[in-house]
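For what it's worth, this note's numbering labels the leading residue of the sequence shown as 29, then goes sequentially.
Just so it is clear, CB atoms sit at the ideal spot from N, CA and C, and this is done for glycine as well.
Here the structure comes first, spelled out in structure tokens, and everything after it is commentary.
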Amino acid sequence: FSKEGKPGKVQVVLGLLIDCHGRPIGYELFAGNTFDGKTLEAALDSMEDRFGIRKVILVADKGINSKLNLKSISDRGYSYIFASRIKSASRKIKDLIFTQD
């Protein structure tokens with residue numbers, strides 16, 4: 029399977045852990061055919077076990093943005109910044125995005 033239309037190439041999903049200065053300190057690799065939304069729980073468990081990190085701000089693309097993942101993040105007390113489609117945002121959010129001042 030190739031999202032980019034390049035069959036025969038090895039693909040992986042990479043979850044990268046960085047510190048507050050943007051320096052890489054760990055990563056998780058998943059099979060390339062793994063749905064992004066299914067990688068978060070395992071990556072968070074591993075990060076907590078390996079590094080003992082408890083204060084987290086997750087930054088991710090919209091592939092991670094699901095109700096189940098948001099619940100898991102909230103249950104752990106983490107903060108997050110996720111990409112989202114403006115088209116599906118509420119009127120209040122759209123107004124905030126498009127307000128110039």
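query, result
"Would you call the segment 46-53 and the segment 66-73 touching, i.e. three or more CB-CB distances under 8 Å?", "no"
"Looking at Pro52 and Leu44, is the spacing between their C-beta atoms short of 8 Å?", "yes"
"Considering only DSSP beta bridges, list what Tyr106 is partnered with.", "For Tyr106, which the question treats as bridged, DSSP gives no partner whatsoever."
"Report the rounded CA-to-CA distance for Ala111 versus Gly91, giving the unit in angstroms.", "8 Å"
"When the Cα of Val87 is compared with those of Ile101, Asp123, Ile81, which residue comes out closest?", "Ile101"
"Under a three-way DSSP split, which group does Ile101 fall into?", "helix"
"Just tell me which of Asn61, Asp77, Asn97 has its CA closest to the CA of Gly33.", "Asn61"
"To the nearest angstrom, report how far apart Leu124 and Ser116 are at their CA atoms.", "14 Å"
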